[in-house]
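First up is the structure itself, then whatever we jot down about it.
Number of protein chains: 2
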Amino acid sequence: MNLSARQLKAFLMLAEERHFTRAAQRSHLTQPAFSAVIQSLEEALGVRLFDRSTRRVELTPEGWHFYRSAPRLLNDIEALVGEMRELVSKRRGKVAVAALPSLAAGWLPRIYAKFSALYPGVQLTLHDALLEPCLVQVREGEVDMAIAALGRDMSGLETESLCEDRFYLICRGDHRLANEPEVDLTMLENEGLIHLGRGSSIRQSLMAQTDLSKLRTTLEVDHLATVTGLILAGLGVSLVPGMTLFHFRHPQLRIVPLSRHSEIRRKLYLVRRANRSLSQAAAAFHELVMRERSSLGPGDQMDIREMS
Amino acid sequence: MNLSARQLKAFLMLAEERHFTRAAQRSHLTQPAFSAVIQSLEEALGVRLFDRSTRRVELTPEGWHFYRSAPRLLNDIEALVGEMRELVSKRRGKVAVAALPSLAAGWLPRIYAKFSALYPGVQLTLHDALLEPCLVQVREGEVDMAIAALGRDMSGLETESLCEDRFYLICRGDHRLANEPEVDLTMLENEGLIHLGRGSSIRQSLMAQTDLSKLRTTLEVDHLATVTGLILAGLGVSLVPGMTLFHFRHPQLRIVPLSRHSEIRRKLYLVRRANRSLSQAAAAFHELVMRERSSLGPGDQMDIREMS
DNA sequence: CACACTTACGATATTCGTAAGGATT
DNA sequence: AATCCTTACGAATATCGTAAGTGTG
């Protein structure tokens, strides 16, 4: 037995029209072919569904019984197929992304806006989280992908490089280095440095690439917004990657690039589960991110321009 | 697009097993053939439903979405097909029959008992009604068939002869004709005759075949049970067909056949709608009636034996 | 290298359209 | 005679199983 949507559709068409020739036309079939579909259905069910003479076509008692359920059934089938088509065409769907706070606040919203314009039916979710929580959410399938740095354990994850993010010195306008065109790490000796928490990828990038022992760590906070306030209050300076510079557009703050030879960089990646395909909507989002990645990397110039 | 039950079943099998070879075996297909079914489904939906490497088979996001609805859908399909099979096999169904009161009380219950034993799942309905209401119910499709006589208007109806029913004289044991082996209509002159109502087929048969002007009509009632009482009270005699004789098994009543040459008969038919097929259950009932018709026709002997 | 999915390919079955057949009004 | 469903039949398509190919652990 193998009931098909085509048979159901033909049955309903004939039950409505009570006329093989018309029902066949509406089904885009020749009348004999249509007849064969009905016959195959009757044979599959083992019972005649229509009484037909050349002048009259009518449902048999069993036909009526079938007719009670068939429309709902076909409707369910077509609803399901329709849903799938909507997913494929991205008229519907969901994309969940995890991103480091710096990206979640700065670059990603612009991507979200573009994506929403392209696919207004797709529901977007954004989880701003520190590096490790980002990776956990990807690994556990809570999000489709993350935009983050590399973590300690990247097993089961697949990464694609997005950009490299240079670091900058943030200081108050009256700081001794405020008007340098660029600074060197050696110039920062004995400066009071305001750090982000240890869960932060910014902090981790810094620790991995730099010897900060010559600097004094004055404070450690969790949010960049807080850093702004602390610097303004004269409590120290900070080193942050380019992606976060929009936090520091302030008349009394200065942003000074680190010189080439003491350049520190944070590498950012798009992270997703290994060997797992993305949903159609997520794949479209992924594609958009990769296409737009030039708008955040190589990284520095653009952000400087934005700030000026 | 033509979704089929086979595709759904294969999909669910694979979603459960996550293994083409095993799922193929359980589907009684070779693995490549099974693979082709899955591919045809994916092609029909325009989206991959399974991520497969040689070592792992897993649902894609779209596959999961499909999986949310597919089991219910397949279940509905199989439920419908199952229902149809039950109707065909007469494990379920309905049969509604209309019958003249004489048959509804006497012969038909025995048929119902036999039918119920054969098909305990089929629900039987019996409408005992006078001739014209019987025919109306058939014509309007309220019942599958009727067991009745011929009416004035038989258009749209199809009849099959069931039996002929002889008439008998019913009188009290102390009546002058009580011990005759048979009586002639002429012997009934000036008798007081108890009639049934004009809607009754018994009355109509009598009127059509006999000149009753020599007899006095003393009373006219609607139910045979009442006739019994009236005869016992000495209010007259009655003429009734053989099928009703069980009403008159009473020590003080006598049943006397009418002689051959003044024989009156009531013809009984199975009546159904013209050009309309019966439901499977009704067809089985019809067949049983026709097979058992010898147990009521030619009519007389048996009833006489029963009465003795 | 062994297991597992895909591709290739020939055989069979199904489906389709055209044309002829048969029944009903 | 006209209408309309069924049957007949050849062509295109789909489905199946066997066997070879490919890729992954």
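Protein chains in written order, with the numbering used here: chain A, 1 to 308; chain S, 1001 to 1308.
Yeah, the Cβ is synthetic: ideal placement off N, Cα and C, and Gly gets one too.
A quick note: this is a predicted structure, and the numbers were derived from the prediction, not measured.
For chain A, check one thing: does any of its Cβ atoms lie closer than 8 Å to the Cβ of residue 1077 (chain S)?
yes
What do you reckon, are the CB atoms on residue 1151 (chain S) and residue 1126 (chain S) nearer than 8 Å?
no
Given this structure, state the Cα-to-Cα distance separating residue 1080 (chain S) from residue 1220 (chain S), to the nearest angstrom.
Looking at the two C-alpha atoms, the distance is approximately 53 Å.
Check whether the Cβ of residue 1084 (chain S) lies closer than 8 Å to any Cβ atom in chain A.
yes
Top-ranked residue by Cα proximity to residue 74 (chain A), from A:128, A:6, A:141, A:124
A:6
Return the residues of the stretch 9–20 of chain A that lie within a Cβ-Cβ distance of less than 7 Å from chain S, sorted by chain order.
From the stretch 9–20 of chain A, no residue has a Cβ closer than 7 Å to chain S.
Taking 6 Å as the limit between beta carbons, can you name the residues of its chain near residue 296 (chain A), skipping five residues before and five after?
107, 163
On the three-state DSSP scale, how would you describe residue 194 (chain A)?
strand
Proximal residues, the stretch 1026–1055 of chain S versus chain A, C-beta separation under 7 Å:
1045, 1046, 1047, 1048, 1051, 1053
Can you confirm whether the stretch 1079–1094 of chain S touches the stretch 6–22 of chain A when touching is taken to mean that 3 or more C-beta pairs between the two stretches lie within less than 8 Å?
No, they do not touch.
Say whether chain A places a C-beta atom closer than 8 Å to the C-beta of residue 1276 (chain S).
yes
Assign residue 10 (chain A) to one of two classes, buried (16 or more other C-beta atoms within 10 Å of its C-beta) or exposed (fewer than that).
buried
I'd like the list of long-range same chain contacts for residue 1096 (chain S), defined as Cβ closer than 6 Å, with 5 residues on each side in sequence excluded.
1125, 1143, 1144
According to DSSP, residues forming a beta bridge with residue 1145 (chain S)
S:1097
Could I get the ranges of all uninterrupted beta strand (DSSP E) runs contained in the stretch 116–187 of chain A, with 3 residues as the minimum, in chain order?
With a minimum length of 3 residues, the unbroken runs of beta strand (DSSP E) contained wholly in the stretch 116–187 of chain A fall at 122–128, 145–148, 157–172.
DSSP puts residue 1009 (chain S) in a beta bridge; with which residues?
DSSP output for residue 1009 (chain S) lists no bridge partner at all.
Cβ-based burial, residue 244 (chain A) [other Cβ within 10 Å; buried from 16]
With 16 or more Cβ atoms within 10 Å of its Cβ, residue 244 (chain A) is classed as buried.
Cβ pair count under 8 Å reaching 3, the stretch 1223–1241 of chain S against the stretch 1193–1212 of chain S:
The stretch 1223–1241 of chain S is in contact with the stretch 1193–1212 of chain S.
Can you grab the Cα-Cα spacing for the pair residue 118 (chain A) / residue 277 (chain A), in whole Å?
The alpha-carbon of residue 118 (chain A) is positioned some 21 Å away from that of residue 277 (chain A).
According to DSSP, simplified to helix, strand and coil, what is residue 1248 (chain S)?
Note: residue 1248 (chain S) maps to helix in three-state DSSP.
Going by Cα to Cα distance, which pick from S:1189, S:1170, S:1230 is closest to residue 1181 (chain S)?
S:1170
Listing by chain order, which chain A residues have their CB less than 8 Å from the CB of residue 1065 (chain S)?
83, 84, 87
How would you list, in chain order, the residues of chain A whose beta-carbon sits under 9 Å from the beta-carbon of residue 1098 (chain S)?
Per Cβ cutoff of 9 Å: no residues; residue 1098 (chain S) is ~16 Å from chain A at best.
Give the interface partners of residue 1005 (chain S) over in chain A, defined as CB-CB distance under 9 Å, in chain order.
1, 2, 3, 4
Between the Cα of residue 228 (chain A) and the Cα atoms of A:215, A:195, A:214, which residue gives the shortest distance?
It is A:195.
Rounded distance between the beta-carbons of residue 1139 (chain S) and residue 1156 (chain S), thought under 8 Å:
6 Å
Indicate the three-state DSSP secondary structure (helix, strand or coil) for residue 81 (chain A) in the structure shown.
helix
Relative to the alpha-carbon of residue 222 (chain A), which residue among A:199, A:287, A:233 has its alpha-carbon at the smallest distance?
A:199
Starting from residue 279 (chain A), find everything on chain S with Cβ-Cβ shorter than 7 Å and list it in chain order.
1061, 1062
Between the alpha carbons of residue 27 (chain A) and residue 13 (chain A), how many angstroms are there, rounded?
Straight-line Cα distance between these residues: approximately 8 Å.
Using a C-beta to C-beta distance shorter than 8 Å, which residues of chain A count as neighbours of residue 1212 (chain S)?
In chain order: nothing, as chain A lies at least about 43 Å away.
When you compare each of S:1280, S:1102, S:1049 to residue 1268 (chain S) by their alpha carbons, which one comes out closest?
Residue 1268 (chain S) has its Cα closest to that of S:1102, out of S:1280, S:1102, S:1049.
Residue 18 (chain A) in three-state terms, based on DSSP:
coil
Determine the DSSP secondary structure at residue 1189 (chain S), reduced to helix, strand or coil.
coil
Considering Cα atoms alone, identify which of S:1049, S:1105, S:1177, S:1129 is closest to residue 1225 (chain S).
S:1105
Mind checking residue 60 (chain A): buried by the 16 CB within 10 Å criterion, or exposed?
buried
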